[in-house]
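Numbers given in the numbering used here equal positions in the sequence shown, counted from 1, plus 48. A quick write-up on the structure given underneath.
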Amino acid sequence: MGYLCAIAATVFWSGNFIIARELNDNVAPVSLAFGRWLVAVLVLLPFAIRSLITQWAGVKANLGYLSVTAFTGVTLFNTLLYMGGHTTGALNLALISITSPIFMVIFARIFYAEPLTLYKAAGIMLVAAGVIALITRGQPARLLNLTFSIGDVWMLTGAMIFAIYSILVIRKPRELGLWAFQLSTFMLGLIFLLPLLAWEYTVVGPSVFDAGAIYSILYLGVFASLFSFVLWNQSILLIGVSKTGMVYYTLPIFSGVMAWYFLGEQIGWLHLGSGVLIVAGIFLANRQRKSKQR
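Pasting the structure below:
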């Protein structure tokens, strides 16, 4: 049951990349991110408002920390993902997104002085090779002319931002429960999106929200935000963090199948080879740590 919960959460997250690619012509990135988190807040509010009220003193005491966490994980990460969806494929978005654990290793070394083992170093090199192959379309010489897709760069930046967010979550204040923490970061991230939304409206103009776009935003808010969160945490309770975390690396598989089925994107040897390098690097980077946990 625990694995089923983790797989379901990963499938819901995979749909995020498909929608990012599918709506790129009609809905601007900030508008899509704002709509998603507005739905998530409205759905989560009835379940978490009591926790937020009872722990309000803790929220005020940690407002600075919560603001930075919300800005990175809610405001920036998904907006960069949707920006990437305008110029690169859904499978590329998914493959690059799973480099976040490697950035977590690097940032943990920088900020928390965690040791960088041989396994971790080798894993980082493999992941870097996979990402370079992907964003240069198998021609590393393109790096000299910077001709690779800007969407890949946005997604890679987003993966780094999500790693920073994950490092911050480790420091979650003990006086804040999970629901109060989640709702407060959702709400703060939504507030931080307002100036970006105003800027986008002025420069780009209003987005077109047809029936398909509205259904997609409802999916993102309910399934890719709230339901995925609940299922993921239930999986952790049932089978543990390590086993649940390994399921996340199936993300490109689900995203690739969805991109092929819904968007007609082709899955080539470059995608498969890059995916193998990235996943192998992540497994290698986590090998020693998981051995110690056992």
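Quick reminder that beta carbons are idealized off the backbone N, C-alpha and C, glycines included.
A distance below 9 Å separates the beta carbons of S148 and F210. An exposed status is given to Y160, since fewer than 16 other beta-carbon atoms sit within 10 Å of its beta-carbon. Of the residues assessed, E248 falls on the buried side of the cut-off, its CB having 16 or more other CB atoms within 10 angstroms.
When the Cα atoms are used, L226 and R219 turn out to be separated by approximately 13 Å. For Q230, the enclosing alpha helix (DSSP H) has its first and last residue at 226 to 251. Between the alpha carbons of G132 and R157 lies a distance of about 28 Å. For K108, the uninterrupted alpha helix (DSSP H) segment begins and ends at 104 to 109. Rounded to the nearest angstrom, the Cβ distance from A328 to L141 is 20 Å, too far for a contact under 8 Å. Around the beta carbon of F234, 16 or more other beta carbons sit within 10 angstroms, so the residue counts as buried.
DSSP places L124 outside any alpha helix (DSSP H), giving it a letter other than H or E. Under the 10 Å beta carbon count, V217 is surrounded by fewer than 16 other beta carbons and is classified as exposed.
For a cut-off of 8 Å, the C-beta gap from A76 to V201 is around 18 Å, too long to register as a contact. The count of Cβ pairs closer than 8 Å, one atom from the segment 95 to 111 and one from the segment 53 to 65, stays below three, leaving the stretches out of contact. L236 places its beta carbon 9 Å or farther from that of S322. Sixteen is the threshold: when 16 or more other Cβ atoms of the shown chains lie within 10 Å of the Cβ of R69, as they do, the residue is buried. With a 10 Å radius around the Cβ and a threshold of 16 neighbouring Cβ atoms, F95 comes out exposed. Residues of the same chain with a CB within less than 7 Å of the CB of A261, apart from the 5 flanking positions on each side, are L71, N74, V75 in chain order. Assigned with DSSP and collapsed to three states, A261 falls in helix.
Membership of W61 in the alpha helix (DSSP H) is indicated by the continuous run 50 to 70. Taking C-alpha positions only, M203 is separated from I239 by approximately 23 Å. For W202, the enclosing alpha helix (DSSP H) has its first and last residue at 198 to 218. L93 sits exposed, since fewer than 16 C-beta atoms from the chains shown fall within 10 Å of its C-beta. Judged by their CB atoms, G50 and L274 are not nearer to each other than the 9 Å cut-off. A distance of 9 Å or more separates the beta carbons of I97 and L224.
Per the coordinates, the alpha-carbon of G206 lies some 25 Å from the alpha-carbon of G312. Closest option to V324, judged by alpha-carbon separation, among A181, H134, I215: A181.
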